[in-house]
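Going down the list, the protein sequences come from chains A and H.
Okay, so the first sequence: first residue is 156 according to our numbering, each after it adds one.
Okay, so the second sequence: first residue is 25 according to our numbering, each after it adds one.
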Amino acid sequence: MKPIHTLIIAASSLTALHAEPLTFDFKDPKGVNNVVFKLDAPLESINGTASGVTGTITLDPANPGTATGKIVVATESLTVSNPLMREHLLGEKWLNAKVNPEIIFEIKKISDVEKKDTKGEAKVSGTFTLNGVSKDITVEARVTYLPGKLGDRSGGKMQGDLLVIRSEFEIKRSDYNIQPGQNLDKVSDEITLSLSIAGAAPKS
Amino acid sequence: MIRSLQILALLCAFVVLAAWAALGAHRGWTMTAVPIKKTDPITEIEFVEYDHRFVPGVDFLGAGLIGSGTILAFSFILSKFTKPKS
Numbered sequence: 156m157k158p159i160h161t162l163i164i165a166a167s168s169l170t171a172l173h174a175e176p177l178t179f180d181f182k183d184p185k186g187v188n189n190v191v192f193k194l195d196a197p198l199e200s201i202n203g204t205a206s207g208v209t210g211t212i213t214l215d216p217a218n219p220g221t222a223t224g225k226i227v228v229a230t231e232s233l234t235v236s237n238p239l240m241r242e243h244l245l246g247e248k249w250l251n252a253k254v255n256p257e258i259i260f261e262i263k264k265i266s267d268v269e270k271k272d273t274k275g276e277a278k279v280s281g282t283f284t285l286n287g288v289s290k291d292i293t294v295e296a297r298v299t300y301l302p303g304k305l306g307d308r309s310g311g312k313m314q315g316d317l318l319v320i321r322s323e324f325e326i327k328r329s330d331y332n333i334q335p336g337q338n339l340d341k342v343s344d345e346i347t348l349s350l351s352i353a354g355a356a357p358k359s
Numbered sequence: 025m026i027r028s029l030q031i032l033a034l035l036c037a038f039v040v041l042a043a044w045a046a047l048g049a050h051r052g053w054t055m056t057a058v059p060i061k062k063t064d065p066i067t068e069i070e071f072v073e074y075d076h077r078f079v080p081g082v083d084f085l086g087a088g089l090i091g092s093g094t095i096l097a098f099s100f101i102l103s104k105f106t107k108p109k110s
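Set out below in structure tokens:
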């Protein structure tokens, strides 16, 4: 084979490799991935976090609009500072964590992608499942692609890329059949969710 | 007996107030997990780590003071019934 042919084959293989979508795993061994929830009612403000984040997103960094996947949050991982409040939150009257152990966001469509270097913003449409009720919602997300940064994060144990996703959106608990119309003076209907998660795509 | 109850009530109120003040005088609900904000240096994600310790809130203070008040009220009621007849 002539050297020029070898070069062309090698170059096209590299291009094909780069264009391949990567699968980012959001189960973070460092426990950094989190969702903050805030409820601001007239008589009481409730803040808490959920850290049990798992799920995968398959994304081509060169073409983020084709991403697919889902993010799952373990209901049991929802934490507030007051133990009694947490017990009520996870109990059968509210989130019923035993019956509904997962809160899920499944990506269906990505639109309005604005990409600048390794950062991007997009509107992500998908199905949000909470308390056993599924609804289609659209949220705005900010994405940062960090090629080769997995090594820095894992202390050199693994090599690969990182994908950081941030999103803030609001839902109504009444939409998900969580005590609709009840205790509105202490537990607001609107829930603000702030998602900050990083996924890893190891390279073998 | 009555005097002992009154001293106990005042002592309870003092201990509850002192414990609440010494452990941070937290004006929210009692906490058993205190959130501490941290930032991951690589991803710059802000996350919360919980320090599992007891921080009494206004509910602890209220319950303690109500308990002390109940003991004090009981001592006064008891003093009325045990007054020597003249």
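Backbone N, C-alpha and C fix where the C-beta goes; we use that ideal spot for every residue, glycine too.
Of all residues in the segment 306-319 of chain A, the ones placed with a Cβ closer than 9 Å to any Cβ belonging to chain H are 307, 308, 317, 319, in chain order. Just measuring C-alpha positions, the residue of 313(A), 193(A), 314(A), 266(A) sitting nearest residue 297(A) is 266(A). As DSSP reads the structure, residue 226(A) sits in a beta bridge with 210(A), 260(A). Of all alpha-carbon atoms in 302(A), 307(A), 250(A), 258(A), the one lying nearest the alpha-carbon of residue 283(A) is that of 258(A). Excluding residues up to 5 positions away in sequence, 219, 220, 265, 266, 267, 268, 269, 295, 296, 298 lie with their Cβ nearer than 8 Å to the Cβ of residue 277(A) in the same chain. Contact between residue 354(A) and residue 181(A) is confirmed by a C-beta separation of about 4 Å, below the 8 Å threshold. Distances from the alpha-carbon of residue 208(A) to those of 231(A), 250(A), 281(A) put 231(A) closest.
When secondary structure is reduced to three states using DSSP, residue 231(A) falls in the helix class.
Looking from the CA of residue 202(A), the closest CA among 48(H), 47(H), 59(H) belongs to 59(H). Closer than 8 Å to the CB of residue 84(H) there is not a single CB belonging to chain A. Fewer than three Cβ pairs drawn from the segment 344-354 of chain A and the segment 25-36 of chain H lie within less than 8 Å of each other, which leaves the two stretches out of contact. Residue state for residue 219(A) is assigned as strand, using DSSP reduced to three classes. The Cβ neighbour count for residue 237(A), taken over all protein chains shown within 10 Å, is at least 16; the residue is labelled buried.
With contacts defined by Cβ atoms closer than 8 Å, residue 95(H) and residue 45(H) do not form a contacting pair.
No Cβ-Cβ contact shorter than 8 Å links residue 342(A) with residue 69(H).
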